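Take a look at the structure below.
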């Protein structure tokens, strides 16, 4: 079953850099039927009071970095039932809302200098 989620009232931040998904049994990289690589992005979903981690699968490398605010389109909670109940999150797209934060603690050349 698929449960579409209205994510318009949520804020998302990338918790961990995206990784290519791997098949549980073969450990080979997963791809879509069209051949695009499947990536998993760990996000922190926030509603203004609470937060929860969400690992989202999507087609293609979204090119995101840790700490980057994002917008999630087409968020769905998928569930399968039977011998083993499973659930997983998918999204049509995870798009940056702002440029990636600087990495490695580097400061711009002008940082700490008084204005001219």
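Residue numbers (this note's numbering): 8 to 123.
Using N, Cα and C, we set each Cβ at its ideal position, and we do this for glycine too.
Everything numeric in this text was worked out from a predicted model, so none of it was measured.
| Item | Value |
| --- | --- |
| Residue range of the beta strand (DSSP E) that includes residue 23 | 18–27 |
| N- and C-terminal bounds of the beta strand (DSSP E) containing residue 97 | 93–97 |
| One or two residues paired with residue 86 in a DSSP bridge | 94 |
| Nearest neighbour of residue 83, chosen from 95, 48, 68 [CA to CA] | 95 |
| 8 Å contact criterion, which residue 22 and residue 73 should meet: CB distance rounded | 7 Å |
| Supposed contact pair residue 81 and residue 100 - C-beta distance, whole angstroms, cut 8 Å | 7 Å |
| Nearest-angstrom Cα separation, counted from residue 49 out to residue 29 | 15 Å |
| Residue 106 classed as buried or exposed, judged by whether at least 16 other C-beta atoms fall within 10 angstroms | exposed |
| Residues bridged to residue 52 (per DSSP) | 19, 59 |
| Endpoints, beta strand (DSSP E) assigned at residue 72 | First-last for residue 72: undefined, no H or E at that position. |
| Test item: CB-CB of residue 63 and residue 98 under 9 Å | yes |
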